[in-house]
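Just below is one structure, and these are the notes that go with it.
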Amino acid sequence: MPDQRAAPTLPKAPTGIEGFDDLTYGGLPAGRPSLICGAAGCGKTLFATTFLVNGATRYGEPGVFMSFEERAEDLSANVASLGFDLDGLVAAGQLAIDHVRVERSEIEETGEYDLEGLFIRLGFAVDSIGAKRVVLDTIETLFAGFTDSSLLRAELRRLFGWIKDRGLTAIITGERGEGQLTRQGLEEYVSDCVVLLDNRVDDQITTRRLRVVKYRGSAHGTNEYPFLIDHAGISVLPVTSAELDYANPSGVISSGIAGLDAMLSPGGFHRGSSILVSGGAGTGKTMLTASMVEAACRRGERCLVFAFEESGAQITRNAASIGLALDAHARSGLLRFEAARPSLYGLETHLARMHRDLDRFRPDLVVIDPISALRGPSNELQGALLRIIDLIKTRGITAIFTTLRSDGSLIGDGDLGASSLMDAWIKLQNMEANGERTRTLYVIKARGMNHSNQIREFLMSPNGIRLVDAYIGTAGVLTGTARVVQ
Amino acid sequence: MSEATSEGPSPDTDPDRDPGHYHLRLYVAGQTAKSVTALSNLKRFCEEHLAGRYDIEVIDLIKNPQLAAGDQILAIPTLVRRLPSPLKRIIGDLSNTDKVLVGLDIRRRADES
């Protein structure tokens, strides 16, 4: 468990949320309340539910979900799509759900009262299953139900103290308020750990971000981290705190194209290198990468393809037309396509998805086809690209990036930084001459090896990709029919 | 609260069948000052306004914590009017007589008797 790293300073309760436990060095403070705040729809309830479900299923800590908003049935239904079986956990005594309904119109206040009933309910639920974790979602609803807010504040202070005394690890959720983190200023009472969730829309594209505002007694990542909510639940990507320890692979891998291997002195590319394939539309970029992928799969290596323009099925079909059987590798689990429209997510979310998929699938070869499809504000784009490249390089994964730009830049003019990060650069170009268009290939650079500087003709046939030496003679370089005639 | 709008008072003989019968539940948590005050206030109102057609059930949540969720109890003390419907919740030590009477809908009947 990751919490042992920080054990000397402060005991932590892992949330089991990917990434979050890393950036907080172990999770939420154990035996204390933490505040998760954010605007409506930013994932507070899901965060809290995940914390409880993981506590019950992975860490042997049963939990109580005290819901002030959603009914237990709604709660179960909402998270069922993530594979959380709340009803099953309740039946197994791993989870207790208490829906607290506060209806102002049904309550008449006639003198002095306190909220001892809330304490008793919570205490009863905790004792009935031996809970170690508690979620109060969203306790500020109480302020709508009772008029005496100073009494409520005093009672909440007492409640949070009670949670600490009982040694419960608690998540208190709060709706973001004007000028403060929560509407009722709960951050004043829950001061050990405050996490802010944010859901920002730029150019009609939403990016979710998470920030640990404070964490008393513990170091934590201070940046805003993008996080994802999808069928796999929540994952937080501490993309900028990349503290990685991957082995740097060695060896040479074949490109799967004999002619291309022959152009490179070791007979292929260095394993773990980043390879840029540039070329305009219809020059054969995707098929060149498909043949490299196919070769890798035949060697038994895992390949992950991020496709931004075509679906996996489309690439598979097209590859079959040049004799590459990608579908067999996809079926055997060696090859996976992750296709997404560039406009579907913001840059951060794309990056976060890639990060997660890389860590889950653990590929030996990654293809990003084409990286030039990613769009965003130029200042962010540059940074995001560098991080993608960095992400892959530090893991020692061989990567192939394709770009439509013939100048080798990844996104736009003047970003020389990205192409200089590449270890090898293959340029594909269509040449038009004598009423004929032929595909050509040359190696612009290949770090750490000698390579041919000659141009090759690039032929695609049902038997695969073949490189043919262009005729070089007195008439210059001849390709296509002119070469054959010569 | 005018007499013209009031329903005809029915002389109560059988409390179970009487639609005007009051079934009240008072939730307390131990013998706190607020709980004791609430109970004595409640008994006084009932004797004054609902004599013979009420019953009070006192539930101590310290002894029966499992009962708190059923009636959605948060505040202590809470008085729940189970009958006549609709269900009503009155919180506090019941020291504000007017509010209790209005809250329990017995103000009107009180005017008549």
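Protein chains in written order, with this note's numbering: chain Y, 484 to 969; chain E, 1029 to 1141.
Beta carbons are placed, not taken as given, at the ideal position from N, Cα and C, and that holds for glycine.
In this text the structure is predicted, and so the values were computed from the model without any measurement.
Beta-carbon separation (whole angstroms), residue i vs residue j, contact threshold 8 Å
i                  : j                : result
glycine 1048(E)    : arginine 1081(E) : 6 Å
proline 512(Y)     : cysteine 676(Y)  : 5 Å
aspartate 681(Y)   : arginine 692(Y)  : 5 Å
methionine 746(Y)  : histidine 934(Y) : 6 Å
isoleucine 740(Y)  : leucine 942(Y)   : Incorrect: roughly 10 Å between the Cβ atoms, too far for contact.
isoleucine 1087(E) : leucine 1095(E)  : 6 Å
Distance between residue j and residue i (C-alpha atoms, nearest Å)
i                    : j                    : result
glycine 700(Y)       : leucine 493(Y)       : 7 Å
arginine 782(Y)      : isoleucine 736(Y)    : 9 Å
arginine 666(Y)      : phenylalanine 626(Y) : 10 Å
tyrosine 508(Y)      : serine 718(Y)        : 15 Å
leucine 727(Y)       : arginine 878(Y)      : At leucine 727(Y) the pLDDT is 49, less than 50, meaning the model places this residue with poor confidence; the figure from the coordinates comes in the next sentence. Rounded to whole angstroms, leucine 727(Y) to arginine 878(Y) spans 8 Å at the Cα level.
phenylalanine 530(Y) : valine 849(Y)        : 31 Å
aspartate 1083(E)    : tyrosine 1050(E)     : 6 Å
glutamate 1035(E)    : aspartate 557(Y)     : Because the pLDDT of glutamate 1035(E) is 40, which lies under 50, any placement of that residue in the model is unreliable, and the question is left without a value.
leucine 634(Y)       : lysine 1091(E)       : 25 Å
glycine 566(Y)       : leucine 572(Y)       : 12 Å
glycine 816(Y)       : proline 846(Y)       : 11 Å
lysine 527(Y)        : glycine 1058(E)      : 36 Å
glycine 897(Y)       : lysine 647(Y)        : Residue placement at glycine 897(Y) is flagged as unreliable, the pLDDT there being 44, under the threshold of 50; a coordinate-derived value is accordingly withheld.
isoleucine 1101(E)   : alanine 608(Y)       : 14 Å
serine 674(Y)        : isoleucine 500(Y)    : 22 Å
valine 696(Y)        : phenylalanine 820(Y) : 37 Å
threonine 1106(E)    : tyrosine 542(Y)      : 38 Å
histidine 703(Y)     : serine 517(Y)        : 14 Å
proline 1112(E)      : isoleucine 612(Y)    : 36 Å
leucine 899(Y)       : serine 738(Y)        : Bear in mind that the predicted position of leucine 899(Y) carries a pLDDT of just 49, short of 50, making it too unreliable to give a figure here.
serine 761(Y)        : alanine 560(Y)       : 48 Å
phenylalanine 629(Y) : alanine 614(Y)       : 28 Å
leucine 669(Y)       : glycine 606(Y)       : 21 Å
valine 1128(E)       : leucine 1054(E)      : 13 Å
aspartate 504(Y)     : lysine 495(Y)        : 9 Å
cysteine 525(Y)      : threonine 689(Y)     : 11 Å
methionine 914(Y)    : glycine 742(Y)       : 19 Å
leucine 642(Y)       : leucine 679(Y)       : 22 Å
alanine 802(Y)       : leucine 809(Y)       : 7 Å
serine 944(Y)        : threonine 962(Y)     : 16 Å
leucine 868(Y)       : leucine 818(Y)       : 23 Å
For residue i, the first and last residue of its enclosing beta strand (DSSP E)
i                 : result
methionine 914(Y) : 907-916
serine 550(Y)     : 546-550
glutamate 977(Y)  : What the structure shows of chain Y is the stretch from 484 to 969, and residue 977(Y) is not part of that stretch, so it cannot be assessed.
glutamate 592(Y)  : 590-592
cysteine 676(Y)   : 676-685
glutamate 658(Y)  : 652-658
serine 517(Y)     : 516-521
Residue range of the unbroken alpha helix (DSSP H) whose run includes residue i
i                    : result
glycine 963(Y)       : 963-968
glycine 931(Y)       : Glycine 931(Y) -> no alpha helix (DSSP H), and no H or E assigned at all.
valine 585(Y)        : Unbroken run through valine 585(Y): none, as it is neither H nor E.
aspartate 568(Y)     : From DSSP, aspartate 568(Y) is part of no alpha helix (DSSP H); its letter is neither H nor E.
phenylalanine 607(Y) : 599-612
isoleucine 798(Y)    : 795-803
alanine 1103(E)      : Premise fails: alanine 1103(E) is in no alpha helix (DSSP H) and is neither H nor E.
arginine 636(Y)      : 632-648
lysine 1127(E)       : 1125-1131
arginine 843(Y)      : 830-844
Query raised in the report: Taking contact to mean at least 3 C-beta pairs separated by less than 8 Å, is the segment 1049-1065 of chain E in contact with the segment 593-601 of chain Y?
Result: yes
Report task. Return the residues of the segment 600-632 of chain Y that lie within a Cβ-Cβ distance of less than 9 Å from chain E, sorted by chain order. Result -> Gly600, Leu601, Phe602, Ile603, Arg604, Gly606, Phe607, Ala608, Asp610, Ser611, Leu625, Gly628 and Phe629
Requested in this report: Anything in the segment 1074-1107 of chain E with a Cβ closer than 7 Å to a Cβ of chain Y? List those residues in chain order, please.
Outcome: Leu1089, Pro1093, Gln1094, Ala1096, Ala1097, Gln1100, Ile1101, Leu1102, Ala1103, Ile1104, Pro1105 and Thr1106
Query raised in the report: How do the segment 867-881 of chain Y and the segment 849-859 of chain Y stand: do at least 3 beta-carbon pairs fall below 8 Å, yes or no?
Result: yes
Query - the segment 530-549 of chain Y in contact with the segment 571-579 of chain Y per 3-pair CB rule at 8 Å - result: Yes, they touch.
Query raised in the report: the segment 564-587 of chain Y: which residues have C-beta closer than 9 Å to a C-beta of chain E, in chain order?
Result: Asp581, His582, Val583, Arg584, Val585 and Glu586
Query raised in the report: Between the segment 924-932 of chain Y and the segment 749-766 of chain Y, do at least 3 Cβ pairs fall closer than 8 Å?
Result: A contact exists between the segment 924-932 of chain Y and the segment 749-766 of chain Y.
Requested in this report: Tell me, please, whether the segment 901-914 of chain Y touches the segment 786-793 of chain Y by the rule of three or more beta-carbon pairs shorter than 8 Å.
Outcome: no
Query raised in the report: Does the segment 613-624 of chain Y come within contact of the segment 644-658 of chain Y, defined as at least 3 CB pairs closer than 8 Å?
Result: yes
Query raised in the report: Taking any Cβ of chain E, which residues in the segment 836-864 of chain Y have a Cβ under 7 Å from it, in chain order?
Result: none
Query - Validate contact between the segment 547-556 of chain Y and the segment 705-718 of chain Y using beta carbons, cut 8 Å, 3 pairs - result: no
Requested in this report: Give, in chain order, every residue of the segment 648-677 of chain Y whose Cβ lies closer than 7 Å to some Cβ of chain E.
Outcome: none
Requested in this report: Quick one: which residues of the segment 1119-1130 of chain E get their C-beta closer than 7 Å to a C-beta of chain Y? List them in chain order.
Outcome: Within the segment 1119-1130 of chain E, the qualifying residues are Ile1119, Gly1120, Asp1121, Leu1122, Ser1123, Asn1124, Lys1127 and Val1128.
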